[in-house]
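*Asks:* Have a look at this one.
Protein chains: 2
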Amino acid sequence: MKKTTSVLICFLILAFTGIISGQNTKVNTAASVIETIIKQTKSEPVPNTVDVIKAGDPLTPVKGIVTTMFATMDVLKKAVAMNCNLIIAHEPVFYNHRDEIQQFQNDPVYLEKKRYIDEHKLVIWRFHDYIHRIQPDAIDYGMALKLDWLKYTDGTSVERFVMPETTLKELTITLKKVFPVNAFNIIGDPEMKLTKVVFSAGAPGSIYHFRLLEDDNVEVVIAGEVPQWETYEYVRDAVSQGRKKAIIFLGHVTSEEPGMEYCAQWLKGFIKDIPIHFVESGPSYRTY
Amino acid sequence: MKKTTSVLICFLILAFTGIISGQNTKVNTAASVIETIIKQTKSEPVPNTVDVIKAGDPLTPVKGIVTTMFATMDVLKKAVAMNCNLIIAHEPVFYNHRDEIQQFQNDPVYLEKKRYIDEHKLVIWRFHDYIHRIQPDAIDYGMALKLDWLKYTDGTSVERFVMPETTLKELTITLKKVFPVNAFNIIGDPEMKLTKVVFSAGAPGSIYHFRLLEDDNVEVVIAGEVPQWETYEYVRDAVSQGRKKAIIFLGHVTSEEPGMEYCAQWLKGFIKDIPIHFVESGPSYRTY
Numbered sequence: 000m001k002k003t004t005s006v007l008i009c010f011l012i013l014a015f016t017g018i019i020s021g022q023n024t025k026v027n028t029a030a031s032v033i034e035t036i037i038k039q040t041k042s043e044p045v046p047n048t049v050d051v052i053k054a055g056d057p058l059t060p061v062k063g064i065v066t067t068m069f070a071t072m073d074v075l076k077k078a079v080a081m082n083c084n085l086i087i088a089h090e091p092v093f094y095n096h097r098d099e100i101q102q103f104q105n106d107p108v109y110l111e112k113k114r115y116i117d118e119h120k121l122v123i124w125r126f127h128d129y130i131h132r133i134q135p136d137a138i139d140y141g142m143a144l145k146l147d148w149l150k151y152t153d154g155t156s157v158e159r160f161v162m163p164e165t166t167l168k169e170l171t172i173t174l175k176k177v178f179p180v181n182a183f184n185i186i187g188d189p190e191m192k193l194t195k196v197v198f199s200a201g202a203p204g205s206i207y208h209f210r211l212l213e214d215d216n217v218e219v220v221i222a223g224e225v226p227q228w229e230t231y232e233y234v235r236d237a238v239s240q241g242r243k244k245a246i247i248f249l250g251h252v253t254s255e256e257p258g259m260e261y262c263a264q265w266l267k268g269f270i271k272d273i274p275i276h277f278v279e280s281g282p283s284y285r286t287y
Numbered sequence: 000m001k002k003t004t005s006v007l008i009c010f011l012i013l014a015f016t017g018i019i020s021g022q023n024t025k026v027n028t029a030a031s032v033i034e035t036i037i038k039q040t041k042s043e044p045v046p047n048t049v050d051v052i053k054a055g056d057p058l059t060p061v062k063g064i065v066t067t068m069f070a071t072m073d074v075l076k077k078a079v080a081m082n083c084n085l086i087i088a089h090e091p092v093f094y095n096h097r098d099e100i101q102q103f104q105n106d107p108v109y110l111e112k113k114r115y116i117d118e119h120k121l122v123i124w125r126f127h128d129y130i131h132r133i134q135p136d137a138i139d140y141g142m143a144l145k146l147d148w149l150k151y152t153d154g155t156s157v158e159r160f161v162m163p164e165t166t167l168k169e170l171t172i173t174l175k176k177v178f179p180v181n182a183f184n185i186i187g188d189p190e191m192k193l194t195k196v197v198f199s200a201g202a203p204g205s206i207y208h209f210r211l212l213e214d215d216n217v218e219v220v221i222a223g224e225v226p227q228w229e230t231y232e233y234v235r236d237a238v239s240q241g242r243k244k245a246i247i248f249l250g251h252v253t254s255e256e257p258g259m260e261y262c263a264q265w266l267k268g269f270i271k272d273i274p275i276h277f278v279e280s281g282p283s284y285r286t287y
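First to last, the sequence lines map onto chains A and B. Each step along the first sequence adds one to the number in numbering that gives the first Met the number 0, with nothing skipped, and position 264 is 263. Each step along the second sequence adds one to the number in numbering that gives the first Met the number 0, with nothing skipped, and position 217 is 216.
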């Protein structure tokens, strides 16, 4: 009976593996790979999503996948060198949120990038709205992993941390060790003691920041970017009023790139027969 | 005849001075001071302008004027200490472009700032759309003065400079000497040789930057700020394509504060009977 059960379990495992493999065998065009990925996010359909193919033929057979923060010229060249033709980027390819290209019809930078994509038959898909809807948000999870801060969460969120008491200065030094490339923009008293930190990836807008900063359970926000006349000035005034609040802007790329690094790992969990690589785009700027 | 002419000229000068003084004598409420200033810009009326009184009673008699980049809590306190009650700020008071306050009705930072303004009977007026419409744009003129770069203009513009050949690295060092407080964000080859520089104050949007960067007469843009997924990535790709282009983001405050310093000087040219001071708000953040 036990043996029969074991055989049955083995059969079921093999059958299940077979089904997964079967799915993967079908997953060969860019369109079908993308469909599989979206399904795996378990998100409801996102209306008017930016997660569409930005360039290339959806029916292109996928030889290899690159995940990245921005599909920069350098990332595209690295993808080609690695024989990957599906680039999954978190952010736009053509310098505006909706990748509107009408304004670039005579622009040499756009035209050369587009030509490179076409000549190398690349497909670029944006993975933004859906990756943020994975439970937990895979961009936030990637950051918590990168910082080794999952131990500071209460298990219900991967963005909110309660850590052993430290100062804003010490927290900044800790972050700098992980992200040494360029300067952060910081507002707050360096000597402020803190335990309660929240991570706000990318550019969710200042209203989102304001709500976080109003929360008694938040002392420090670690953010991506925001217009400087918005959250920056709010926190400057809050600090001037003697409030125990601070914000550290890591920069947009730095705040979300760990999420796209984790994305490659997540994809490997269900796409078994296509090579998958994370390629770092890195911050666009240096600071001086 | 000559004597008669001289007397006539003297009379006209005195009469003219009298008219100006007469105007200034009337210029005693915030509303009338603002009206005088707008008239002096010689701009056509700006539809839907943000240049309105953001807080305070328009009929408040003006004791003294402060010009500043941002009416921060600290700037307000300095104004009060200097016995000034009209604050002329280039940017919003309440953390969003149109100073919409609906979202802050329960926000402690907003409520405390508003209370301070009310208790000290301050009037805050935004001087943005109209100061940019002065010919030449007084914000740009203030920057050219601050950098001592008027000598590099062709006389038709105060934003476009042709300077003795230098490198991006040397240009950055020059700028850092003038603005030492916090880091700039820079994209471009440090060794790139250049002579053609354009200044783009504040946050005019990436489309404006793209048009500048497409121009053969522009090698380097000195900018305020922009979303990092826009101009930043465009210039990164342009550089990667081998183009002789670069951009230096000074930060929003740094890019426009010299203009508000110049504004005080400009106001003193026609407002003679009210004390006028420039108060530096300085950058909101430090960099690390």
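By construction, the Cβ of each residue, glycine as well, lies at the ideal position given by its N, Cα and C atoms.
Take Gly268 of chain B as the anchor and find which of B:Thr40, B:Ala202, B:Asn27 and B:Gln102 has the nearest alpha-carbon.
*Replies:* Here residue 268 of chain B refers to the residue found at position 269 when the second sequence is read from its first residue. Per the Cα distances, B:Thr40.
*Asks:* What residues in its chain sit with their C-beta under 7 Å from that of Leu146 of chain A, if we drop five residues either side in the sequence?
*Replies:* Taking the first residue of the first sequence as position 1, residue 146 of chain A is located at position 147. Contacts found: Val177.
*Asks:* Around the C-beta of His119 of chain B, are 16 or more other C-beta atoms found within 10 angstroms, so that it is buried, or is it exposed?
*Replies:* Here residue 119 of chain B is taken as the residue at index 120 of the second sequence, counted from 1. Counting Cβ neighbours within 10 Å, His119 of chain B comes out exposed, since fewer than 16 surround it.
*Asks:* Candidates A:Glu229, A:Asp188 and A:Ala263: which alpha carbon is nearest Asp98 of chain B's?
*Replies:* Counting from 1 along the second sequence, the entry for residue 98 of chain B is found at position 99. The shortest C-alpha separation from Asp98 of chain B is found at A:Glu229.
*Asks:* Quick one: Cα of Glu279 of chain B to Cα of Phe69 of chain B, how far?
*Replies:* The sequence position of residue 279 of chain B within the second sequence is 280, counting from 1. The sequence position of residue 69 of chain B within the second sequence is 70, counting from 1. Each residue's alpha carbon lies about 9 Å from the other.
*Asks:* Examine the Cβ distances between the segment 199-210 of chain A and the segment 179-189 of chain A and report whether three or more of them are shorter than 8 Å.
*Replies:* They do not touch, by the three-pair rule.
*Asks:* Looking at Cys262 of chain A and Thr71 of chain A, is the spacing between their C-beta atoms short of 8 Å?
*Replies:* Start at 1 with the first residue of the first sequence, and residue 71 of chain A comes out as number 72. Start at 1 with the first residue of the first sequence, and residue 262 of chain A comes out as number 263. No, the Cβ-Cβ distance between Thr71 of chain A and Cys262 of chain A is not below 8 Å.
*Asks:* Beta-carbon of Tyr207 of chain A versus every beta-carbon of chain B: anything under 8 Å?
*Replies:* In the first sequence, residue 207 of chain A corresponds to position 208, counting from 1. Not closer than 8 Å to any Cβ of chain B, the Cβ of Tyr207 of chain A fails to qualify, so no.
*Asks:* Distance check for Lys150 of chain A and Ile86 of chain B, CA to CA, integer angstroms please.
*Replies:* Taking the second sequence and counting its residues from 1, one reaches residue 86 of chain B at position 87. Taking the first sequence and counting its residues from 1, one reaches residue 150 of chain A at position 151. When rounded, the distance between both Cα atoms is 48 Å.
*Asks:* By DSSP, does Arg97 of chain A sit in helix, in strand, or in coil?
*Replies:* Start at 1 with the first residue of the first sequence, and residue 97 of chain A comes out as number 98. Correct three-state label for Arg97 of chain A: coil.
*Asks:* Under a three-way DSSP split, which group does Phe178 of chain B fall into?
*Replies:* In the second sequence, residue 178 of chain B corresponds to position 179, counting from 1. Coil.
*Asks:* Tell me the DSSP bridge mates of Phe277 of chain B?
*Replies:* By 1-based counting over the second sequence, the position of residue 277 of chain B is 278. Looking at the DSSP assignment, Phe277 of chain B forms a beta bridge with B:Thr66.
*Asks:* Report yes or no: is there a C-beta of chain B within less than 8 Å of the C-beta of Asp236 of chain A?
*Replies:* Taking the first sequence and counting its residues from 1, one reaches residue 236 of chain A at position 237. Chain B contact via Cβ: present.
*Asks:* Would you kindly report the start and end of the unbroken beta strand (DSSP E) that includes Phe209 of chain A?
*Replies:* As a position in the first sequence, residue 209 of chain A is number 210, starting the count at 1. Segment Ser205 to Glu213 is the alpha helix (DSSP H) holding Phe209 of chain A; no beta strand (DSSP E) there.
*Asks:* Identify, in the order they occur along the chain, each residue of the same chain with its Cβ nearer than 7 Å to the Cβ of Asn23 of chain B, setting aside the five sequence neighbours on each side.
*Replies:* Counted from its first residue, the second sequence places residue 23 of chain B at position 24. The pLDDT assigned to Asn23 of chain B is 46, lower than 50, so where the model puts this residue is not dependable, and the model offers no usable value.
*Asks:* Could you tell me which of B:Ile52, B:Pro60 and B:Asn47 sits nearest to Asn27 of chain B, measuring between CA atoms?
*Replies:* Locating residue 27 of chain B in the second sequence gives position 28, where the first residue counts as 1. The candidate whose alpha carbon is nearest that of Asn27 of chain B is B:Pro60.
*Asks:* Could you name the residues that DSSP lists as bridge partners for Ile123 of chain A?
*Replies:* Working through the first sequence from its first residue, we reach residue 123 of chain A at position 124. A:Ala54 and A:Ile86, per the DSSP bridge assignment.
*Asks:* Contact check, Val197 of chain A vs Val220 of chain A under 8 Å by CB: the rounded distance?
*Replies:* Taking the first sequence and counting its residues from 1, one reaches residue 197 of chain A at position 198. Taking the first sequence and counting its residues from 1, one reaches residue 220 of chain A at position 221. With a Cβ gap of about 6 Å, Val197 of chain A and Val220 of chain A count as contacting.
*Asks:* For the alpha helix (DSSP H) containing Ser31 of chain B, list its first residue and its last residue.
*Replies:* Position 32 of the second sequence holds residue 31 of chain B. From DSSP, the alpha helix (DSSP H) with Ser31 of chain B extends over Ala29 to Thr40.
*Asks:* With 8 Å set as the bound, which would you pick, yes or no: does the beta-carbon of Gly250 of chain A sit closer than that to a beta-carbon of chain B?
*Replies:* Looking up residue 250 of chain A in the first sequence gives position 251. Cβ-Cβ to chain B under 8 Å: yes for Gly250 of chain A.
*Asks:* When the Cα atoms are used, what is the spatial distance from Ile275 of chain A to Leu266 of chain A?
*Replies:* Here residue 275 of chain A corresponds to residue number 276 of the first sequence, with the count starting at 1. Here residue 266 of chain A corresponds to residue number 267 of the first sequence, with the count starting at 1. Each residue's alpha carbon lies about 8 Å from the other.
*Asks:* Is Arg125 of chain A close to chain B? Criterion is C-beta to C-beta, closer than 8 Å.
*Replies:* To locate residue 125 of chain A, count along the first sequence from 1; it is residue 126. No, because no Cβ of chain B sits closer than 8 Å to the Cβ of Arg125 of chain A.
*Asks:* Since Ala298 of chain A sits in a beta bridge, which residues does DSSP pair it with?
*Replies:* Since the displayed chain A opens at 0 and closes at 287, residue 298 of chain A lies outside it and no answer follows.
*Asks:* For my contact list, Leu212 of chain B and Val234 of chain B are in at a C-beta cut-off of 8 Å; report their separation, rounded to the angstrom.
*Replies:* The residue given as residue 212 of chain B occupies position 213 in the second sequence. The residue given as residue 234 of chain B occupies position 235 in the second sequence. Indeed they touch by this definition, with Cβ atoms about 7 Å apart.
*Asks:* Classify Glu164 of chain B as buried or exposed, calling it buried when 16 or more other Cβ atoms lie within 10 Å of its own Cβ.
*Replies:* Residue numbering aside, residue 164 of chain B sits at position 165 when the second sequence is read from its first letter. Answer is exposed; the Cβ neighbour count stays below 16.
*Asks:* For Asn47 of chain A and chain B, any beta-carbon pair shorter than 8 Å?
*Replies:* Stepping through the first sequence from its first residue, residue 47 of chain A is reached at position 48. It does not; no Cβ of chain B falls within 8 Å.
*Asks:* Anything in chain B within Cβ reach of Tyr287 of chain A, meaning under 8 Å, just list it in chain order.
*Replies:* Counting from one through the first sequence, the residue named residue 287 of chain A turns up at place 288. Here the neighbours are Thr171, Lys175, Ala182, Phe183 and Ile185.
*Asks:* What is the DSSP secondary structure of Gly21 of chain B, reduced to helix, strand or coil?
*Replies:* Residue 21 of chain B sits at position 22 when you count from the first residue of the second sequence. Only weak support is given to the placement of Gly21 of chain B: the predicted model assigns it a pLDDT of 42, under 50, and the question is left unresolved by the model.
*Asks:* Is Thr283 of chain A close to chain B? Criterion is C-beta to C-beta, closer than 8 Å.
*Replies:* In the first sequence, counting from the first residue as 1, residue 283 of chain A sits at position 284. In the sequence as displayed, the identity of residue 283 of chain A is Ser instead of Thr. Answer yes: the Cβ-Cβ gap between Ser283 of chain A and chain B drops below 8 Å somewhere.
*Asks:* For Glu111 of chain A, return the contacting residues in chain B, with the cut-off set at a CB-CB distance below 7 Å.
*Replies:* Along the first sequence, one-based indexing puts residue 111 of chain A at 112. Going along chain B in sequence order, the residues near Glu111 of chain A (Cβ under 7 Å) are Gln240.
*Asks:* Would you check if the segment 113-131 of chain B and the segment 151-162 of chain B touch, i.e. whether three or more CB-CB distances between them fall below 8 Å?
*Replies:* Because the criterion of three Cβ pairs below 8 Å is not met, the segment 151-162 of chain B and the segment 113-131 of chain B do not touch.
*Asks:* Trp148 of chain B touches chain A at which residues, Cβ-Cβ below 9 Å?
*Replies:* Position 149 of the second sequence holds residue 148 of chain B. Within 9 Å Cβ-Cβ: nothing; Trp148 of chain B doesn't reach chain A, min ~19 Å.
*Asks:* Can you give me the Cβ contacts of Val252 of chain B inside the same chain, cut-off strictly under 6 Å, excluding the 5 residues immediately before and after it?
*Replies:* Here the question's residue 252 of chain B lines up with position 253 in the second sequence. Closer than 6 Å at the Cβ level, and outside the excluded window around Val252 of chain B, lie Met68 and Pro282.
*Asks:* Report the residue ranges of all alpha helix (DSSP H) runs contained in full by the segment 232-258 of chain B; include only those spanning at least 4 residues, in chain order.
*Replies:* Qualifying alpha helix (DSSP H) stretches, in chain order: 232-239.
*Asks:* How long is the line joining the alpha carbons of Ile138 of chain A and Ile37 of chain A, rounded to whole angstroms?
*Replies:* Your numbering for residue 138 of chain A matches position 139 in the first sequence. Your numbering for residue 37 of chain A matches position 38 in the first sequence. Spanning the two alpha carbons is a distance of roughly 15 Å.
*Asks:* Between Gln22 of chain B and chain A, is any beta-carbon pair separated by less than 8 Å?
*Replies:* As a first step, residue 22 of chain B is located in the second sequence; it is residue number 23 there, counting from the start. Since pLDDT at Gln22 of chain B reaches only 46, below the 50 mark, its modelled position is unreliable, and no value is offered.
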